[in-house]
Amino acid sequence: MDQKSAGVLSGMLLGDREFLQEESKIDFRLGGLTHVLAISGLHISFLGNGIFVILQYAGLPLAAAAPLSAIMMFLYCLFAGSPVSAVRAAIMFAVMTGARMTKRSYDTLSALALAAILMLLYEPHILFYAGFQMSVAAVAGAAVVYPVLNGMIPQDFWRRGSPEKRYLEKVMEAAFLYISITLATVPLTAFYFYEIPLMGLFTNVVLVPMTGMILCAGVAGSVVLFLAGMTGIGACGRLFAKISLFPADMLLRIFGKIAGAIRELPLTTWICGQPSVPQLFVFYACLTISMILLRARRRRKKLPGRILRSEKTLRLLPYLLLSAGIFILFFRIHEPLKMTMLSVGQGDGLVIQHSGTVYIVDGGSSDESNVGKYTIIPCLKQQGITHVEGIFLSHGDADHYNGIEEILESIRNKELAVKVKYLMMPCWMKEDETGKRLFQTAEKAGVKVRYLSAGDKIVDKKGKEMTIGILFPGEDYQGSGNEASMTMELELGSFSALLTGDLEGEGEKNAIHAMKDVDVLKVGHHGSRNATSEEMLKICSPEVCLISAPRNSRYGHPHQETLDRIKNAGADYFVTKDLGAVTVISDGKQYRIIREGG
470 MDQKSAGVLS GMLLGDREFL QEESKIDFRL GGLTHVLAIS GLHISFLGNG
520 IFVILQYAGL PLAAAAPLSA IMMFLYCLFA GSPVSAVRAA IMFAVMTGAR
570 MTKRSYDTLS ALALAAILML LYEPHILFYA GFQMSVAAVA GAAVVYPVLN
620 GMIPQDFWRR GSPEKRYLEK VMEAAFLYIS ITLATVPLTA FYFYEIPLMG
670 LFTNVVLVPM TGMILCAGVA GSVVLFLAGM TGIGACGRLF AKISLFPADM
720 LLRIFGKIAG AIRELPLTTW ICGQPSVPQL FVFYACLTIS MILLRARRRR
770 KKLPGRILRS EKTLRLLPYL LLSAGIFILF FRIHEPLKMT MLSVGQGDGL
820 VIQHSGTVYI VDGGSSDESN VGKYTIIPCL KQQGITHVEG IFLSHGDADH
870 YNGIEEILES IRNKELAVKV KYLMMPCWMK EDETGKRLFQ TAEKAGVKVR
920 YLSAGDKIVD KKGKEMTIGI LFPGEDYQGS GNEASMTMEL ELGSFSALLT
970 GDLEGEGEKN AIHAMKDVDV LKVGHHGSRN ATSEEMLKIC SPEVCLISAP
1020 RNSRYGHPHQ ETLDRIKNAG ADYFVTKDLG AVTVISDGKQ YRIIREGG
C-alpha cells in the first residue's frame, strides 16, 4: 500500500489525518466526502454491526454478543481519540444493541436525545462545537426528513418492478438519505465552513457504499499485521497483511481516482458565505413546518383551518416554505462600500467590497505562516466572495504578497472556487524579480496582469460609482521597495480613503504633492517611525487611521512617535494588534467603523 492510500486508510479507520496528504484532503473536501475521515455513525454502524454478526456466528448468545459489540465500539472510540461524533454514535449503537438484547423496539430520535443529554452532562461546552451540532443534525435529518422524502414514492411502485427497478430503488433511497442529511446540516455547513460541495450527491451515492468494504478490508489487514507482530512470525505475517490489505488498497485507489477526477470538474463547490444565526433559525423553522405538512399529506391527516385543509395548499405549501427557507438562508445584502483591514500580523491585507464587486489590496505576512490559506481565503469565503475583480499589489515585500501568491496557486491547482480577473502591480515591478515570478504564477492561474502608474484610474460603475486612482509612483519614477509603494485614493461619493502600502521616507515626500483631504488613511509601513509625517497628516487631515501591525512586533510597530503624530493631528487610530480585523462601511456620505466581533 502506497503512502497516499495508507494516509487515507488511517483517516478512515482512526480519524487520524496526520499522514493524510494535502492533495487527498482537498479531494475529499471538494467532493463532499470529509465526513468519511471523521469517526462517526458510518464507521460505528459498519464495524459494530460487523462485530455483532461475527460474534453471533462464533456461537455467542445474543445476551453476550450485544454488550460485547457495544463495549468494543466504546474501546474503538477511545482508541480513535473520542471525537464527539464517534461518542454520539457509540452511545446510540449501545442503545440499539440493548434494544436487540431485550427484544424492544429501537427509536432513533430517543437514542439521539439520550446520547446528546449524556454527552452534554459530561461536557456542556461541546454544545458549541461544530462537530457536535453537525453530528446531531445529520442523525435528526436521517430520522425525521428521510422517512418523509422516501415516503413520497409509493411502496407498491417498487414492489411491482423488475430487478433493475429494485436496484434503482436502492439508489433512490441512498439519494434521499443524502438529501435529507444535507437539508438538516447545510445551514451549519454554511455557518462554519462557508462553502457547500455541489458534487456531494453523486460522490456519496457512488463512493460511500465503498467505505464499508474499505473499512472491513482495512480492519482485517490491521488485525493480521497485529497478530503477526504478537506471534513473531515476521515476514510471513507481513505478507499475509499485504494480501489482506490488497482489497482495501485497490478500493482506495479507485476511490482516490474518482475523487481526484471530480476535483477537475467545474463548479464542484459553491462558496455561499456565512449566514447569520437568525437566518439559521428561520431555515430550520421552514424545514420543520414543511416536513410536518408533507407528513400530514402522506397520512391524510386534517390540519386546522380551511386553507390548510385544501389539497392544493398541502401540495404546494411545503415546497414554497422550503424554497423560502433556502432563499432566506443564503440571502446577502451588499453594502455600497465595505473595506476590511484583515488581522494578518506583521503584514498587510485589505478587502474592498463595492456593491458586490471585490478588490484586494495587498495580502501577506512575515510572522503568520500560510496567511493566504488561513486568513485571506477564509475571509473571502465567509463573505461569500466568488469573484475578485482585481488584486492590487503595492510593492514586492513578502509581507504584502505571499498570501496573494497562495491564492493564485490555489486557483491554479483548482483548490479554490474563486475567480480573479486582474493582478495589478506598480509599473516598476515589471522588471522586478518578484514581479516577474508573480506574473508567471498569475498567468498559470488564468489571471490577467496590469501595470499601473500615477494617473491611472479604476472606475467601478456598479451601484454608486467608485473610483480607485493611482497617485504614486509615476511611470518614470526610479525607486523601488517601500519608498515606491503604489499609493491609491479610493472615492465613493463624498467619502475617500488613502491607501499607502509601505510608503515612507523619500517616497512619501515625492508622493505628498498628489495627496488631498481624506476621511480614512491606511497608515504606511505598519506605523513605522519614518512613515506618516506631520506634513502628510496636515495635507490629508484624516479622521480615522487604520494600522496593520502585530502584537509584540520585533520592529516596534506601530511606533509611539507615529501614534502621537496621529493623535496630535486630531485623528482616531485603529490597530489590528488590539482589535483584530477592522471594517469601514460607507454609503458615500457617512461611514462607520466595525471592529472584529462587532
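Just remember that my numbering sits 469 ahead of the position in the sequence shown, which is counted from 1.
From the three backbone atoms N, C-alpha and C, an ideal C-beta is built for every residue, glycine too.
This structure is a prediction, so every number in the text was calculated from the model and none was measured.
query                                                                                                                                                      : result
Exposed or buried, which one is V608 when buried takes at least 16 other CB atoms within 10 Å?                                                             : buried
What are the boundary residues of the alpha helix (DSSP H) that R569 is part of?                                                                           : V553 to M570
Below 8 Å CB to CB, which residues in the same chain sit around A886 once its five sequence neighbours on both sides are set aside?                        : E664, L736, T737, T738, W739, I740 and T855
Under the assumption that A584 contacts I513 (Cβ atoms under 8 Å), give the Cβ distance between them as a whole number of angstroms.                       : A584 to I513, Cβ: 11 Å. No contact.
Of all the beta strand (DSSP E) runs that stay within the bounds of the segment 734-768, which reach a length of 3 or more residues?                       : 738-740
Using 8 Å as the threshold, is the C-beta distance between Y1042 and I1063 below it?                                                                       : no
Helix, strand or coil for F488? Go by DSSP, reduced to three states.                                                                                       : coil
If A1018 and T1045 are in contact, beta carbons under 8 Å, what's the gap, nearest whole angstrom?                                                         : 6 Å
Could you say if the segment 635-646 and the segment 592-604 meet the contact criterion of at least three C-beta pairs nearer than 8 Å?                    : no
How about L499 and R732: are their beta carbons less than 8 Å apart?                                                                                       : yes
Under 8 Å, do M588 and V617 count as touching if we go by C-beta distance?                                                                                 : no
If you draw a straight line from the alpha carbon of S551 to that of M561, how long is it in whole angstroms?                                              : 15 Å
Flag this pair as yes or no: are the beta carbons of G993 and D971 separated by less than 8 Å?                                                             : yes
Among A911, Y598, E642 and F601, which residue has its Cα nearest to the Cα of V614?                                                                       : E642
In three-state DSSP terms, what is L589?                                                                                                                   : helix
Would you kindly check if the distance between the Cβ of T654 and the Cβ of M603 is under 8 Å?                                                             : yes
Which residue marks the beginning of the beta strand (DSSP E) containing M541, and which one marks its end?                                                : Careful: M541 lies outside any beta strand (DSSP E), inside the alpha helix (DSSP H) at L531 to F548.
Helix, strand or coil: which one does DSSP assign to L667?                                                                                                 : coil
Hey, G938 and M957 are a contact pair by Cβ (cut 8 Å); roughly how many whole angstroms apart?                                                             : 7 Å
With DSSP collapsed to three states, give me the class of M481.                                                                                            : helix
Quick check on DSSP: helix, strand or coil for Y920?                                                                                                       : strand
Suppose the cutoff is 6 Å on Cβ atoms and the five residues either side in sequence are ignored; what does the same chain contact list for I821 look like? : M808 and Y828
Going by DSSP, what residue range makes up the alpha helix (DSSP H) through Y1042?                                                                         : Taken as a continuous stretch (DSSP letters only), Y1042 belongs to no alpha helix (DSSP H), being part of the beta strand (DSSP E) at D1041 to V1044.
When you compare the CB positions of A686 and L714, do they come within less than 8 Å of one another, or not?                                              : yes
Going straight from the alpha carbon of F752 to that of V987, what length do you get?                                                                      : 43 Å
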